[in-house]
């Protein structure tokens with residue numbers, strides 16, 4: 309198996325690599341419970357964020373520190389290439405690799421992480437590049453499913469909410485297509501249905517899927533409900549469409565009553581009102597545990613790309 | 309004595325807890341003089357600042373590092389709950405506690421620190437919540453008085469300047485009401501006099517107070533002069549009122565001549581022109597020493613809330 | 309030799325101090341190749357940036373961390389002295405020295421670093437003060453010349469581009485005037501020629517210089533070509549002047565063909581289009597190596613000012 313170096317997109321992970329990653333991730337839960345380790349001491353991570361994404365940035369930085377590493381950070385990386393200066397991303401990366409051992413990059417343009425990786429002599433980890441990829445989110449989602457329901461083959465999942473624009477559900481669908489016996493229900497308002505490219509990809513990999521309207525009926529049948537936020541910013545002037553989409557599928561007490569005792573609710577967060585706070589205390593509400601898994605996944609990736 | 313966990317407001321500290329805190333704070337001066345310790349090594353602090361307050365943030369972060377701990381930080385925490393995303397403070401805290409051992413929060417809304425503490429499983433330290441509390445400032449003020457004049461019972465203090473809007477003088481008055489034989493002189497321009505709620509609180513606790521106009525006369529009589537800045541931003545359009553209030557009570561050479569040899573001048577800083585720079589070199593000008601005590605108080609609080 | 313304390317301007321370095329600095333800098337290359345050291349463990353650096361300069365800030369912070377030190381940082385130091393608050397730089401420094409062992413300051417006003425040094429009890433390092441000085445850039449330039457061509461006496465250098473506004477070429481000229489047998493060619497568009505003060509300084513120190521128009525002819529003759537960016541922001545409304553200046557002297561394949569095998573091209577970066585990316589792979593293109601030397605120079609300075 310090739311050693312992991314750059315982490316650019318979810319698709320670069322095959323089943324053996326996912327298994328290895330998840331094994332290391334599980335060890336990381338142990339490491340955190342003893343307040344970290346020193347295995348990355350004297351290693352330095354640069355967080356180059358071209359747009360703020362505080363939750364992702366702090367999760368990566370905490371991951372590095374929990375392993376004994378250090379961090380230099382900016383949320384104004386855009387300043388490098390300001391109008392007056394006009395430096396290319398490639399030049400910025402060549403400079404940043406001079407003072408760091410790994411670069412975590414968040415960029416507003418799709419494909420930026422790949423461009424960075426093409427010139428970098430240190431590992432690049434993609435922390436989201438515009439409408440493109442956000443691989444650590446997809447990886448933590450899959451890890452969470454395995455941890456919560458005990459398996460990645462032979463299970464049923466409902467993807468709910470904004471399936472047209474949601475980067476996370478798209479990446480998750482790609483990753484799940486590597487497993488066997490998965491069935492996906494798409495439960496989305498008409499205006500934000502799952503796009504055809506994903507459906508074609510699933511067909512090609514023999515993954516069963518169907519579109520459904522009745523969230524209660526689906527909830528009775530699945531192991532995982534993956535809820536997502538209807539993203540206001542994607543609707544522009546179409547306020548009516550947004551308002552209609554927004555209220556249509558909400559996880560509330562009624563949905564939780566339909567859900568099996570052994571099933572769980574996930575959400576990439578942040579949430580607005582698509583999951584009511586009243587169900588937060590239900591042990592099947594796994595979205596905060598899911599968020600915490602992001603730390604372990606990022607620790608595992610940092611260790612894997614930096615181990616000599 | 310209950311173990312200290314969340315630090316939300318000055319009033320939660322009673323005399324025994326203040327004594328314990330100040331004893332630990334004194335040890336911290338020793339620790340800093342030997343360039344820090346490692347007692348909080350592998351502990352991680354998250355600075356969640358919803359508005360910039362660079363001096364407070366750097367003081368907390370330095371405190372954590374001087375004890376061997378690490379820090380993840382943001383001055384744009386407001387981005388979590390941006391219009392488009394709409395995440396609640398409670399959700400943000402539940403996520404942040406997944407990657408930190410203590411959260412220092414600065415927020416623009418009164419009561420935010422308490423709301424954070426209600427859901428947090430890690431200690432929350434309030435670094436100022438809007439017009440509400442800024443407990444570490446009040447604690448460092450009281451510590452400074454003890455250190456500079458050697459006692460917290462039986463002394464006289466003048467509070468000067470903007471007593472109506474000043475968060476620090478209000479919190480200080482609350483804390484001093486726990487001690488015996490304290491007398492407070494309020495020396496304020498008419499438009500920014502101390503409010504009745506504080507006066508009532510002092511009466512209730514048997515603390516003597518009076519309003520005075522003549523700063524020189526008061527300076528001759530007190531152990532501590534606590535000067536404050538007239539806050540331009542509180543006056544809105546009332547420029548005339550501001551200009552009148554601003555120049556009325558200034559600490560200059562004349563005031564220093566009136567002051568006893570054993571007395572001191574404090575100020576929460578930043579200052580504008582309510583203390584002239586010419587008196588900075590006077591050994592009784594204790595405001596920079598006071599600012600430095602902030603580091604020791606914050607180190608002591610971090611150690612107390614994190615010790616297992 | 310006096311111990312180095314504040315680092316304010318390039319001129320404070322004489323030849324013996326430069327030699328010592330470069331010897332320590334060379335050791336630092338070794339230190340980085342073994343992933344750092346712990347000699348500055350428990351030392352704390354404060355980065356006070358009154359304007360963003362991400363590349364300089366991250367380089368300093370990485371330098372401190374590679375030596376085992378810790379960092380507190382702000383890019384919004386301007387907030388200290390905001391209109392409403394009005395704190396002086398001197399007061400800010402007196403507070404910041406309470407929680408740090410060395411202060412790296414970037415300011416928009418010329419002379420700020422010197423003002424800071426006048427009140428500070430900890431070392432101040434100037435990371436650029438407006439149109440004034442940026443001494444670590446000048447020092448890394450000289451170090452790079454020594455490293456790339458093996459000597460600082462008896463060589464020829466072409467300074468190309470915006471010589472009127474370029475802070476780096478001016479500082480470099482000052483430093484080179486301390487060496488013997490240096491000849492400088494100024495190759496600049498008419499509107500941004502080197503100013504008379506520098507020419508007079510060089511005359512005074514017996515440094516030969518001449519102005520030249522033909523970059524190819526000069527390239528055939530020199531050991532170092534030091535290219536600089538034409539700074540759009542310096543031209544204001546004079547767009548035509550800018551466009552004319554900008555395209556006049558570009559390092560491309562033709563210039564590289566004229567250049568001697570043993571010569572090198574430097575640039576303080578960022579570049580826009582005054583060096584074409586096609587020549588990046590040429591071993592004589594030394595500008596990224598030059599940028600990396602910034603880390604070693606800053607490590608050396610931090611060690612020298614902090615060693616007890």
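Chains as they are written, first to last, in my numbering: chain C, 309 to 616; chain B, 309 to 616; chain V, 309 to 616.
Glycine residues also receive a C-beta, built at the ideal position from the N, C-alpha and C atoms.
These numbers come from a predicted model, not from an experiment.
Would residue 408 (chain C) pass as an interface residue toward chain V - the criterion being a Cβ-Cβ separation below 8 Å? Within the first chain, residue 408 (chain C) is the residue found at index 100, counting from 1. Judged by the 8 Å Cβ criterion, residue 408 (chain C) is in contact with chain V.
Contact set for residue 598 (chain B): own chain, Cβ-Cβ below 6 Å, skip 5 residues either direction: Mapped onto the second chain, residue 598 (chain B) falls at position 290. Non-local beta-carbon contacts of residue 598 (chain B) in its own chain, meaning distances under 6 Å to residues more than five positions away in sequence, involve 452 and 574 in chain order.
How long is the line joining the alpha carbons of residue 464 (chain V) and residue 491 (chain V), rounded to whole angstroms? For the purposes of this step, residue 464 (chain V) is identified with residue 156 of the third chain, where counting begins at 1. For the purposes of this step, residue 491 (chain V) is identified with residue 183 of the third chain, where counting begins at 1. Distance from the CA atom of residue 464 (chain V) to the CA atom of residue 491 (chain V), rounded to whole angstroms, is 5 Å.
Helix, strand or coil, according to DSSP, for residue 600 (chain C) in the structure here? Taking the first chain and counting its residues from 1, one reaches residue 600 (chain C) at position 292. Correct three-state label for residue 600 (chain C): helix.
What would DSSP say about residue 582 (chain C), mapped onto helix, strand or coil? The sequence position of residue 582 (chain C) within the first chain is 274, counting from 1. In the structure shown, the three-state DSSP call for residue 582 (chain C) is coil.
Span of the beta strand (DSSP E), counted from its first residue to its last, around residue 435 (chain B): As a first step, residue 435 (chain B) must be located in the second chain, where it is residue number 127. From DSSP, the beta strand (DSSP E) with residue 435 (chain B) extends over 432–437.
Give, in chain order, every unbroken run of the alpha helix (DSSP H) that is at least 4 residues long and sits entirely within the segment 455–517 of chain V. The qualifying runs are 475–484 and 504–512.
Grab the span of the beta strand (DSSP E) containing residue 357 (chain C) for me, first residue to last. On the first chain, position 49 is the one that residue 357 (chain C) refers to. Where residue 357 (chain C) is concerned, the enclosing beta strand (DSSP E) starts and stops at 352–357.
Please classify residue 469 (chain B) as buried or exposed, where buried requires at least 16 neighbouring CB atoms within 10 angstroms. Position 161 of the second chain holds residue 469 (chain B). Buried, because 16 or more other Cβ atoms sit within 10 Å of the Cβ of residue 469 (chain B).
Between the C-alpha atoms of residue 484 (chain B) and residue 511 (chain B), what's the straight-line distance to the nearest angstrom? For the purposes of this step, residue 484 (chain B) is taken as residue 176 along the second chain, with counting starting at 1. For the purposes of this step, residue 511 (chain B) is taken as residue 203 along the second chain, with counting starting at 1. Put simply, the backbone Cα of residue 484 (chain B) is about 12 Å away from that of residue 511 (chain B).
In the DSSP assignment, what are the bridge partners of residue 279 (chain C)? The requested residue 279 (chain C) does not occur in the structure, where chain C is confined to residues 309 to 616.
Run through the segment 380–418 of chain V for me and flag every whole beta strand (DSSP E) of 3 or more residues, listed as ranges in chain order. If we require 3 residues or more, the beta strand (DSSP E) runs fully inside the segment 380–418 of chain V come out as 410–415.
Backbone secondary structure at residue 519 (chain C) - three-state DSSP: Walking along the first chain from the start, residue 519 (chain C) turns up at place 211. The answer is strand: DSSP assigns residue 519 (chain C) an E or B state.
Pull up the CB-CB distance for residue 314 (chain B) and residue 431 (chain B), whole angstroms please, since I reckon it's below 8 Å. Indexing the second chain from 1 puts residue 314 (chain B) at position 6. Indexing the second chain from 1 puts residue 431 (chain B) at position 123. Right, the Cβ-Cβ distance comes to about 6 Å (below 8 Å), so this counts as a contact.
Since I believe residue 327 (chain C) is in contact with residue 618 (chain C) (beta carbons under 8 Å), could you give me their beta-carbon distance rounded to a whole number of angstroms? Residue 618 (chain C) lies beyond the range of chain C shown here (309 to 616); nothing can be said about it.
Going by beta carbon distance, what residues of the same chain come within less than 7 Å of residue 482 (chain V), once the five residues before and after it are set aside? Counting from one through the third chain, the residue named residue 482 (chain V) turns up at place 174. Scanning its chain for C-beta atoms nearer than 7 Å, with the 5 sequence neighbours on each side dropped, one finds around residue 482 (chain V) the residues 318, 319 and 509, in chain order.
Can you check the segment 525–566 of chain B for any beta strand (DSSP E) of at least 3 residues that lies completely inside it and give the ranges in chain order? Listed in chain order, the complete beta strand (DSSP E) runs (minimum 3 residues) inside the segment 525–566 of chain B are 532–535.
Between residue 474 (chain V) and residue 583 (chain V), what straight-line distance do the alpha-carbon atoms span, to the nearest angstrom? Reading the third chain from its first residue, position 166 is the one you call residue 474 (chain V). Reading the third chain from its first residue, position 275 is the one you call residue 583 (chain V). Rounded to whole angstroms, residue 474 (chain V) to residue 583 (chain V) spans 16 Å at the Cα level.
According to DSSP, residue 378 (chain B) sits in a beta bridge with which residue or residues? Residue 378 (chain B) sits at position 70 when you count from the first residue of the second chain. Answer by DSSP bridge pairing, in chain order: B:352.
What are the residues of the segment 381–396 of chain B that lie near chain C, defined by any Cβ-Cβ distance shorter than 7 Å? Close to chain C, meaning a Cβ-Cβ distance shorter than 7 Å, are the following residues of the segment 381–396 of chain B: 382, 384, 385, 387, 388, 392, 393, 394 and 395.
Put residue 420 (chain B) into one of helix, strand or coil per three-state DSSP. Taking the second chain and counting its residues from 1, the one referred to as residue 420 (chain B) is at position 112. Of the three classes helix, strand and coil, the one that applies to residue 420 (chain B) here is helix, per DSSP.
In chain order, what residues of the same chain have a beta carbon less than 6 Å from the beta carbon of residue 556 (chain V), not counting five sequence neighbours either side? Taking the third chain and counting its residues from 1, one reaches residue 556 (chain V) at position 248. The answer, listed in chain order, is 497.
Cα separation between residue 581 (chain V) and residue 590 (chain C)? For this step, residue 581 (chain V) is matched to residue 273 along the third chain. For this step, residue 590 (chain C) is matched to residue 282 along the first chain. Cα to Cα, the separation comes out at about 59 Å.
Would you say residue 370 (chain V) reaches chain C, if we count a Cβ-Cβ gap shorter than 8 Å as a contact? Translated into positions along the third chain, residue 370 (chain V) becomes position 62. Interface residue, yes.
Residue 424 (chain B) versus residue 398 (chain B) - alpha carbon distance: Locating residue 424 (chain B) in the second chain gives position 116, counting from the first residue. Locating residue 398 (chain B) in the second chain gives position 90, counting from the first residue. Cα atoms of residue 424 (chain B) and residue 398 (chain B): separation of roughly 6 Å, rounded to the nearest angstrom.
Of the listed residues V:358, V:379, V:515 and V:381, nearest to residue 418 (chain V) (C-alpha basis): Mapped onto the third chain, residue 418 (chain V) falls at position 110. Minimum Cα distance to residue 418 (chain V) is reached at V:358.
Residue 478 (chain V): which of V:600, V:503 and V:579 sits nearest, CA to CA? Stepping through the third chain from its first residue, residue 478 (chain V) is reached at position 170. Relative to residue 478 (chain V), the option among V:600, V:503 and V:579 whose CA is nearest is V:503.
Is residue 420 (chain V) buried or exposed, if buried means 16 or more other CB atoms sit within 10 Å of its CB? The residue you call residue 420 (chain V) lines up with position 112 of the third chain. By the neighbour-count rule (16 or more Cβ atoms within 10 Å), residue 420 (chain V) is buried.
Measure the alpha-carbon distance for residue 563 (chain B) versus residue 333 (chain B) and round it to whole angstroms. To locate residue 563 (chain B), count along the second chain from 1; it is residue 255. To locate residue 333 (chain B), count along the second chain from 1; it is residue 25. Answer to the nearest angstrom: the Cα atoms are 31 Å apart.
Determine, using beta carbons only, whether residue 348 (chain V) and residue 375 (chain V) come nearer to each other than 8 Å. Along the third chain, one-based indexing puts residue 348 (chain V) at 40. Along the third chain, one-based indexing puts residue 375 (chain V) at 67. In this structure, residue 375 (chain V) lies closer than 8 Å to residue 348 (chain V) by Cβ.
Residue 297 (chain B) versus chain C: which residues are under 8 Å apart at the beta carbon? With chain B represented from 309 up to 616, any question about residue 297 (chain B) goes unanswered, as that position is not in the structure.
Compute the beta-carbon to beta-carbon distance between residue 323 (chain V) and residue 455 (chain V), rounded to the nearest angstrom, for a pair I have assumed lies under 8 Å. Position 15 of the third chain holds residue 323 (chain V). Position 147 of the third chain holds residue 455 (chain V). A Cβ-Cβ distance of about 17 Å is found for the pair residue 323 (chain V) and residue 455 (chain V), leaving them out of contact under the 8 Å criterion.
Considering just the uninterrupted stretch of the alpha helix (DSSP H) at residue 339 (chain C), what are its terminal residues? Taking the first chain and counting its residues from 1, one reaches residue 339 (chain C) at position 31. Note, residue 339 (chain C): alpha helix (DSSP H), 323–341.
Rounded to whole angstroms, what's the CA-CA distance from residue 528 (chain C) to residue 448 (chain C)? Just pull it up for me. Locating residue 528 (chain C) in the first chain gives position 220, where the first residue counts as 1. Locating residue 448 (chain C) in the first chain gives position 140, where the first residue counts as 1. In this model, residue 528 (chain C) and residue 448 (chain C) are separated by some 25 Å (Cα to Cα).
Residue 618 (chain V), enclosing beta strand (DSSP E) - first and last residue: Nothing can be reported for residue 618 (chain V), as the shown portion of chain V is limited to 309 through 616.
Count the other CB atoms, across all protein chains shown, that sit within 10 Å of the CB of residue 568 (chain V); report buried if there are 16 or more and exposed otherwise. On the third chain, position 260 is the one that residue 568 (chain V) refers to. Flag for residue 568 (chain V) reads exposed.
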